[in-house]
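Visitor:
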Amino acid sequence: DLFDAPLHHTADELSRTNLGPFLVEERRRDLEAELLRTDAGATEVRTLLEDTDPAFRAHLDASFCGESAAFFDAVSAYAALFDAAAIDDAAVRDAAAAVARDFLRDDAPTPVNVGARPRKAALGAIDAGGALPAALFARLRADLLRMLARDALPRFRK
């Protein structure tokens with residue numbers, strides 16, 4: 708008999724016990740690092756922005772793409788909300804809504820140049836009202852970092 712009731716009960720109990728922490732850790736997963744693992748240029752741009760390099764940020768401003776650094780900072784602040792011992796879902800939702808309002812919506816005051824498909828997916832997740840993951844904006848930010856590595860970084864290095 709493939710179905711063993713006591714074993715099934717134990718597996719079910721383990722699932723309930725371990726699923727909560729697993730889901731919390733899954734919400735915190737850094738998908739962006741995985742997306743950029745093999746892209747040295749995008750990783751360099753990420754490092755320049757994380758280190759808040761004033762020369763690179765000034766270059767972005769002069770190149771009329773300062774909103775890219777602002778988007779990077781806003782998404783970093785959003786992701787930092789997942790570093791706390793307990794995730795504050797209201798703060799996460801507020802931060803996600805602010806990123807969407809400021810950078811992603813059609814009427815955003817400082818729109819960023821990102822792909823339509825991941826933009827639509829992020830906005831859909833925000834509008835759906837469920838629990839949001841740390842990686843909500845990872846694909847958008849990875850795409851933005853790749854674009855900056857391709858366009859802004861070579862001009863910055865000159």
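Each number in our numbering comes from the position in the sequence shown (counting from 1) with 707 added on.
Cβ coordinates follow ideal geometry from the N, Cα and C atoms, glycine included.
If you draw a straight line from the alpha carbon of leucine 756 to that of serine 775, how long is it in whole angstroms?
Guide: Here residue 756 corresponds to residue number 49 of the sequence shown, with the count starting at 1. Here residue 775 corresponds to residue number 68 of the sequence shown, with the count starting at 1. Going by the C-alpha atoms only, they are around 10 angstroms apart.
Visitor: Taking the alpha-carbon of methionine 854 as reference, which of Ala802, Arg826, Leu843 and Val821 has the nearest alpha-carbon?
Guide: Numbered from its first residue, the sequence shown carries residue 854 at position 147. Comparing Cα-Cα distances from methionine 854 to each of Ala802, Arg826, Leu843 and Val821, the minimum goes to Val821.
Visitor: Report yes if the C-beta distance between phenylalanine 779 and arginine 864 is below 8 angstroms; otherwise report no.
Guide: Start at 1 with the first residue of the sequence shown, and residue 779 comes out as number 72. Start at 1 with the first residue of the sequence shown, and residue 864 comes out as number 157. Not a contact, by the Cβ cut-off of 8 angstroms.
Visitor: Considering just the uninterrupted stretch of the alpha helix (DSSP H) at arginine 808, what are its terminal residues?
Guide: The sequence position of residue 808 within the sequence shown is 101, counting from 1. That residue, arginine 808, is in no alpha helix (DSSP H); it is neither H nor E in DSSP.
Visitor: Under 8 angstroms by Cβ, that's how I've got alanine 828 and phenylalanine 844 pegged, so tell me the actual separation to the nearest angstrom.
Guide: The residue given as residue 828 occupies position 121 in the sequence shown. The residue given as residue 844 occupies position 137 in the sequence shown. No, alanine 828 and phenylalanine 844 are not in contact; Cβ-Cβ is about 10 angstroms, not under 8 angstroms.
Visitor: Can we say the segment 760 to 772 touches the segment 784 to 799, given the rule of at least three CB pairs closer than 8 angstroms?
Guide: Contact between the segment 760 to 772 and the segment 784 to 799 is absent, because fewer than three Cβ pairs lie under 8 angstroms.
Visitor: Following the continuous alpha helix (DSSP H) through aspartate 834, name the residue where it begins and the one where it ends.
Guide: Position 127 of the sequence shown, counted from the start, is the residue given in the question as residue 834. Per DSSP, aspartate 834 belongs to the alpha helix (DSSP H) from 823 to 835.
Visitor: Is it the case that the Cβ atoms of arginine 808 and alanine 815 are separated by a distance below 8 angstroms?
Guide: Numbered from 1 along the sequence shown, position 101 holds the residue referred to as residue 808. Numbered from 1 along the sequence shown, position 108 holds the residue referred to as residue 815. Cβ distance < 8 angstroms, so arginine 808 and alanine 815 count as in contact.
Visitor: Less than 8 angstroms between the beta carbons of phenylalanine 810 and alanine 781, yes or no?
Guide: Against the sequence shown, residue 810 aligns to sequence position 103. Against the sequence shown, residue 781 aligns to sequence position 74. Yes, these two residues count as a Cβ contact at 8 angstroms.
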